[in-house]
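In UniProt numbering, the protein residues as written are 1 to 288.
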């Protein structure tokens with residue numbers, strides 16, 4: 001099933017139709033999308049009998065009505081160099097263990113947003129994002145699927161100058177400006193995707209002149225560390241919590257690795273699509 005943040009309220013969606021979860025459940029479940037994750041197992045049991053397409057109470061909605069499906073995660077993890085071909089384009093060796101940074105939670109945004117460019121070296125990184133449903137510590141890889149609420153599409157936007165400033169990398173700072181962690185358009189539950197580690201990811205830049213450039217086109221079957229392995233590794237260190245986000249890494253095609261380098265500019269639109277999940281769009285504007 002597909003769960004959305006629709007104008008700040010939790011909804012089940014399908015084929016352009018939506019059911020308000022709080023109203024349809026007579027208040028059994030909260031209206032705030034962030035509060036759903038604490039009752040994820042109950043929600044899944046109830047939602048299996050709902051159908052937004054045929055329900056008389058369902059309503060149509062627009063893409064611009066959608067917000068971040070997990071709007072207030074307590075933790076946002078990023079995994080660096082998790083595609084071998086991305087590591088190669090960066091001139092770096094593939095890591096032996098996951099390379100982890102954080103994007104501060106205030107950078108989380110919805111799937112259809114306007115972003116102010118803080119500098120002239122803002123880069124893109126399309127990523128499959130895991131949303132945690134059931135938290136815990138020391139989760140075994142073979143048990144990881146039971147802890148996943150679902151998947152969504154994300155962009156790990158990065159201000160490269162700040163990211164590498166000062167001699168010691170400032171990954172978390174450079175990746176946490178306002179709007180730098182857009183996710184969506186919806187959360188797709190585990191049962192909807194036959195194989196989340198074999199999905200196509202694409203990123204295209206649409207210029208103000210109408211020119212369209214495909215900059216990323218990869219598949220999640222190239223992940224170095226699988227999703228279960230990431231959950232096991234992270235939970236051996238920290239407590240994963242319901243609603244947490246794991247940005248699982250990006251395929252090749254980022255602007256910093258191009259010759260000449262290319263970064264996002266005023267008036268451009270960034271379209272990110274993940275097979276089976278959907279599309280997100282960011283519009284970029286120069287800082288005044």
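Glycine included, every Cβ here is placed at the ideal spot set by N, Cα and C.
Beta-carbon proximity check, residue 124 vs residue 255, cutoff 8 Å: As a working mapping, residue 124 is identified with position 124 in the chain shown. As a working mapping, residue 255 is identified with position 255 in the chain shown. Yes, the Cβ-Cβ distance between residue 124 and residue 255 is below 8 Å.
DSSP bridge partner residues for residue 206 (one or two, in chain order): Walking along the chain shown from the start, residue 206 turns up at place 206. Beta-bridge pairing links residue 206 to 212 and 269.
Pair within 8 Å by beta-carbon distance, residue 139 and residue 235: As a working note, residue 139 is residue 139 in the chain shown. As a working note, residue 235 is residue 235 in the chain shown. In this structure, the beta-carbon distance from residue 139 to residue 235 falls below 8 Å.
Under the three-state DSSP convention, the category residue 37 falls into: On the chain shown, residue 37 is found 37 positions in, with the first residue counted as 1. Helix, per DSSP.
Residue environment, residue 285, which counts as buried when at least 16 other CB atoms sit within 10 Å: Here residue 285 refers to the residue found at position 285 of the chain shown. With fewer than 16 Cβ atoms within 10 Å of its Cβ, residue 285 is classed as exposed.
Which residues DSSP lists as bridging residue 5, in chain order: On the chain shown, residue 5 is found 5 positions in, with the first residue counted as 1. DSSP lists 10 and 67 as partners of residue 5.
Residue closest to residue 13, alpha-carbon to alpha-carbon, out of 45, 30, 41 and 60: Numbered from 1 along the chain shown, position 13 holds the residue referred to as residue 13. Cα-wise, what sits closest to residue 13 is 60.
Environment of residue 76 [buried if 16+ CB atoms lie within 10 Å]: Numbered from 1 along the chain shown, position 76 holds the residue referred to as residue 76. With 16 or more other Cβ atoms within 10 Å, it is buried.
Separation of residue 4 from residue 185, as counted between CA atoms: As a first step, residue 185 is located in the chain shown; it is residue number 185 there, counting from the start. As a first step, residue 4 is located in the chain shown; it is residue number 4 there, counting from the start. Approximately 7 Å between the Cα atoms of the pair.
Presumed contact (8 Å Cβ cut-off) between residue 108 and residue 79, rounded CB distance: Stepping through the chain shown from its first residue, residue 108 is reached at position 108. Stepping through the chain shown from its first residue, residue 79 is reached at position 79. In fact, because the Cβ distance is near 17 Å, the residues do not count as touching under 8 Å.
Residue burial classification, residue 298 (beta-carbon count within 10 angstroms, cutoff 16): Absent from the structure is residue 298, since the part of the chain shown begins at 1 and ends at 288.
Beta-carbon proximity of residue 183 to residue 154, cut-off 8 Å: One-based indexing of the chain shown puts residue 183 at position 183. One-based indexing of the chain shown puts residue 154 at position 154. Yes.
Cβ pair residue 268, residue 207 closer than 8 Å: Taking the chain shown and counting its residues from 1, the one referred to as residue 268 is at position 268. Taking the chain shown and counting its residues from 1, the one referred to as residue 207 is at position 207. The answer is yes: Cβ separation under 8 Å.
Test item: CB-CB of residue 289 and residue 103 under 8 Å: Examination of residue 289 is not possible in this model, given that the chain is present from 1 through 288 alone.
The ligand FAD heavy atom lying under 7 Å from the CB of residue 7: The ligand FAD is not part of this structure, which contains no ligands at all.
Of the listed residues 193, 121, 27 and 248, nearest to residue 289 (C-alpha basis): Outside the displayed range of the chain (1 to 288) lies residue 289, so it cannot be described from this structure.
Residue 2 classed as buried or exposed, judged by whether at least 16 other C-beta atoms fall within 10 angstroms: Against the chain shown, residue 2 aligns to sequence position 2. With 16 or more Cβ atoms within 10 Å of its Cβ, residue 2 is classed as buried.
Proximity to residue 278 [Cα-Cα], best of 15, 263 and 31: Residue 278 sits at position 278 when you count from the first residue of the chain shown. For the residues 15, 263 and 31, the minimum Cα distance to residue 278 belongs to 15.
Contacts around residue 171, its chain only, beta-carbon distance under 7 Å, and the 5 residues preceding and following it disregarded: Sequence index remark: in the chain shown, residue 171 carries index 171 (1-based). So the list reads 101 and 163, once near-sequence residues are dropped.
Three-state secondary structure (DSSP) of residue 174: Within the chain shown, numbered from 1, the residue matching residue 174 stands at position 174. Three-state DSSP puts residue 174 in a helix.
Terminal residues of the alpha helix (DSSP H) in which residue 282 lies: Here residue 282 refers to the residue found at position 282 when the chain shown is read from its first residue. First-last for residue 282: 278 to 286, but that is the beta strand (DSSP E), not the alpha helix (DSSP H).
8 Å Cβ shell around residue 136 - same chain, five flanking residues per side excluded: As a working mapping, residue 136 is identified with position 136 in the chain shown. Correct list, in chain order: 147, 235, 239 and 240.
Same chain, Cβ closer than 7 Å to residue 205, neighbours up to 5 away in sequence not counted: In the chain shown, residue 205 corresponds to position 205, counting from 1. Answer for residue 205: 213, 215, 268 and 270, listed in chain order.
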